[in-house]
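Numbering (my numbering), first residue to last: 149 to 428. Idealized CB from N, CA, C, for every residue including glycine. Remember, it's a predicted structure, so these values are computed and weren't measured experimentally. Here the structure is laid out as structure tokens; the discussion comes afterwards.
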DNA sequence: CGGGACGCCTGTGAGC
DNA sequence: TGCTCACAGGCGTCCC
């Protein structure tokens with residue numbers, strides 16, 4: 149569900165409000181993917197710092213409690229899973245059936261709504277320590293990291309024998325593209341999702357990197373994709389789903405050549421592509 | 001070690 | 001109308 153654009157849109161819509169606010173307390177709903185890992189009462193009295201994002205994880209730094217030293221600080225690592233969204237408002241109203249975490253602060257309540265409960269909220273002393281570090285190590289490059297160059301991207305694909313679509317989804321070369329954006333980026337690059345990653349020429353790898361970036365960046369501009377659940381923290385949906393060239397368009401004409409869009413399954417996930425416009 | 005399948009959980013839409 | 005089934009934006013874990 150929420151892929152990088154949706155998570156980043158969420159981050160942007162909560163960061164300013166939360167920055168410098170003080171936590172009153174937290175409320176837990178049904179269990180999420182993992183336990184919080186601390187007593188929710190231990191969150192009270194902390195000051196929220198600058199919300200950041202790594203891949204599809206959000207990090208809410210929380211300062212030490214009153215009268216404690218710096219080593220009392222920590223933060224919440226949050227993931228939206230497949231169906232999660234965060235809301236932030238002064239008066240969120242009573243928690244609904246799918247509202248599984250509230251962080252009540254002086255600036256308003258941050259509420260995680262997640263019907264499928266694949267999402268997570270985890271306390272960690274820092275990003276560099278477990279449990280956060282365990283989840284973040286091994287992640288690929290941030291798509292907009294300037295250190296990720298066409299050359300390094302091409303080099304990272306070289307040892308991968310598997311299909312390029314699976315490599316994009318795995319997130320260990322480049323993070324952020326989930327099923328929608330991986331399909332869309334491959335379409336924009338004119339690359340067959342079944343092509344072995346290792347077989348991509350340097351120019352094609354360069355084209356793909358550029359397509360991943362332009363696809364994610366366009367999605368960010370229009371607020372992400374809302375297929376069903378996604379909302380930003382102000383309750384606004386995204387618009388990118390209306391611009392999808394292939395995703396969810398099985399049997400409909402390709403926007404470029406008119407051939408029917410194909411749907412196949414790769415690694416248990418649906419892949420949409422145009423057989424004519426996308427080549428191995 | 002890379003790669004693929006599984007399972008977590010709930011809601012929705014299609015088909016009967 | 002009501003049931004059953006397939007499927008859904010992610011990802012850690014397990015097994016080969």
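- Residue 253 sits away from residue 341, with the two beta carbons spaced by 8 Å or more.
- The C-alpha of residue 206 lies about 7 Å from the C-alpha of residue 199.
- Taking the Cα positions, residue 171 is about 7 Å away from residue 191.
- Here residue 405 is actually not in contact with residue 335; their C-beta atoms are around 11 Å apart, not less than 8 Å.
- Scanning 260, 344, 268 and 382 for the CA closest to the CA of residue 310 turns up 344.
- Its Cα nearest to that of residue 417, the residue 316 stands out among 316, 403 and 366.
- Across the set 277, 357 and 326, the C-alpha of 357 shows the shortest separation from the C-alpha of residue 294.
- Within the same chain, and ignoring the five residues on either side of residue 227 in sequence, the residues whose Cβ sits closer than 7 Å to its Cβ are 204, 205, 267 and 268.
- Around the C-beta of residue 377, 16 or more other C-beta atoms lie within 10 Å, and the residue is accordingly described as buried.
- Annotated three-state conformation of residue 382 is coil, per DSSP.
- The three-state secondary structure of residue 165, taken from DSSP, is helix.
- In the DSSP assignment, residue 325 is bridged to no other residue.
- Taking each of 239, 235, 280 and 255 in turn and checking the Cα distance to residue 246, the smallest one comes out for 235.
- At a Cβ-Cβ threshold of 8 Å, residue 360 and residue 386 do not count as neighbours.
- In this structure, the straight-line span from the alpha carbon of residue 218 to that of residue 410 is close to 55 Å.
- A residue is called buried once 16 or more other Cβ atoms fall within 10 Å of its Cβ, and residue 347, having fewer, is exposed.
- Annotated three-state conformation of residue 200 is strand, per DSSP.
- Judged by DSSP secondary structure, residue 227 falls within the beta strand (DSSP E) whose first and last residues are 222–227.
- For residue 340, no pairing in a beta bridge is given by DSSP.
- In chain order, 409 and 420 place their CB closer than 7 Å to the CB of residue 397, counting only its own chain and leaving out the 5 sequence neighbours on each side.
- For residue 351, the enclosing alpha helix (DSSP H) has its first and last residue at 350–369.
- The distance from the Cβ of residue 175 to that of residue 250 is about 4 Å, consistent with a contact at the 8 Å cut-off.
- Residue pairing by DSSP places residue 420 opposite 411 in a beta bridge.
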